[in-house]
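Engineer:
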Amino acid sequence: MMKKKAFNKRYLRFSHIVQAKPRDERIVGGTVTTIEQWPMGVAMLQSLVGLAHMQTCGGSILNNRSVLSAAHCFVRTRPIQWRMRVASTRSNSGGIVHDTERIISHPSFVSRTADSDVAILRTTTRIVFSNSARAGAIAGANYNLPDNSVVWAIGWGVTSEGSILPPERLRQVQVWTVNQAICAQRYGARGRTITANMLCSGWLDVGGRDQCQGDSGGPLLHNNVVVGVCSFGNGCARARYPGVNARVSRFATWITANS
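Position one of the sequence shown corresponds to residue 1 (this note's numbering), numbered consecutively onward.
#1: Taking buried to mean at least 16 other C-beta atoms within 10 Å of its own C-beta, is Q46 buried or exposed?
#2: Leaving out five residues before and five after C183 in sequence, what residues of the same chain have Cβ atoms less than 6 Å from its Cβ?
#3: Check this for me: beta carbons of H106 and T125, under 7 Å apart or not?
#4: Give the secondary structure of H98 by DSSP, where H, G and I count as helix, E and B as strand, and everything else as coil.
#5: To the nearest angstrom, how far is the alpha carbon of F272 from that of R65?
#6: Express the C-alpha separation of N234 and N92 in angstroms, rounding to a whole number.
#7: Could you pull out every residue in the same chain whose Cβ sits closer than 6 Å to the Cβ of Q180, ignoring the five residues on either side in sequence?
#8: Using the rule of at least 16 other Cβ atoms within 10 Å of the residue's Cβ for burial, across every protein chain shown, is V158 buried or exposed?
#9: Nearest to T150 by CA position, among G188, H222, R85, is which residue?
#10: Near I61, what residues of its chain come up, given a Cβ to Cβ distance below 7 Å and the 5 sequence neighbours on each side ignored?
#11: Helix, strand or coil for P79, going by three-state DSSP, please let me know.
#12: Report the residue ranges of all alpha helix (DSSP H) runs contained in full by the region 176 to 248; include only those spanning at least 4 residues, in chain order.
#13: Name, in chain order, the residues that DSSP records as bridge partners for L68.
#14: So, with DSSP's three-state summary, where would you put V125?
#15: Which of the three DSSP states is assigned to W156 in this structure?
#16: Grab the span of the beta strand (DSSP E) containing A43 for me, first residue to last.
#17: From Q81 to V75, what distance separates their C-alpha atoms?
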């Protein structure tokens with residue numbers, strides 16, 4: 001994982017992954033869960049030339065051939081470098097692994113700003129649904145999500161800012177949606193724009209709960225509906241800075257058309 005910067009996208013970089021026995025470290029401030037509780041969850045596995053596929057991002061099953069994730073995970077990569085593990089609580093073992101046929105990033109995605117940070121990956125083989133693999137419900141264009149709503153994030157990301165160990169078991173954390181104007185003010189003071197395509201979540205002015213590196217692309221859920229895609233943050237779980245997700249309702253038409 002790259003050294004922390006002011007605004008970090010939440011994926012793991014292979015160049016800094018150490019070959020150590022994985023510890024039980026994932027989402028910040030959460031608890032261990034199972035894939036049966038969140039059967040839409042997908043571990044996105046990346047490989048560089050000559051290296052095994054390892055989990056670096058997350059995703060959500062859309063249907064039996066498509067997975068929703070974050071566009072920034074796939075910048076300057078090819079489909080052959082990515083696989084998708086479904087139906088497993090563990091990121092790097094178990095379940096069923098699917099190769100990637102195609103990566104479709106949103107045409108308005110801007111890497112520098114992380115605006116429109118959504119992508120759809122098509123699998124080469126059909127995803128077989130079961131109690132541990134199922135399509136997630138996706139927020140529609142008119143989905144109502146008030147401020148301070150309880151939402152859940154899941155993923156295999158590290159549990160502390162600056163950790164570099166690869167994840168293993170799925171974790172969950174309860175957070176709350178954050179008022180858009182407050183989120184924009186906090187990030188604006190640091191030169192970052194929060195657009196209408198973004199959704200902020202966390203434990204504002206308390207901290208200690210958040211998504212982190214390795215969680216990028218994973219779902220943020222409200223009443224079991226995918227309302228966000230993990231995108232970026234200023235560190236992880238900091239009291240003043242919520243996590244930032246792509247707001248799924250803004251992309252509902254595009255997701256439907258491309259999945």
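All C-beta atoms in this analysis are idealised placements derived from N, C-alpha and C, irrespective of residue type, glycine included.
Model, not experiment: these values are computed from the prediction.
Structural biologist: From the atom records:
#1: buried
#2: I194, C200, P242
#3: no
#4: H98: strand per DSSP, three-state reduction.
#5: The chain is shown from 1 up to 259; residue 272 falls before or after that span and cannot be answered.
#6: 27 Å
#7: Cβ within range, chain order: n/a, list empty.
#8: buried
#9: Strictly speaking, residue 150 in this sequence is Val, with Thr absent from that position. Here the closest residue by C-alpha is H222.
#10: M40, V42, V67, V86, I127, A133, R134, A135, G136
#11: Helix at P79.
#12: 180 to 188
#13: S60, I120.
#14: It is Thr, not Val, that sits at residue 125 in the sequence shown. If DSSP states are grouped into helix, strand and coil, T125 belongs with coil.
#15: coil
#16: 41 to 46
#17: 12 Å
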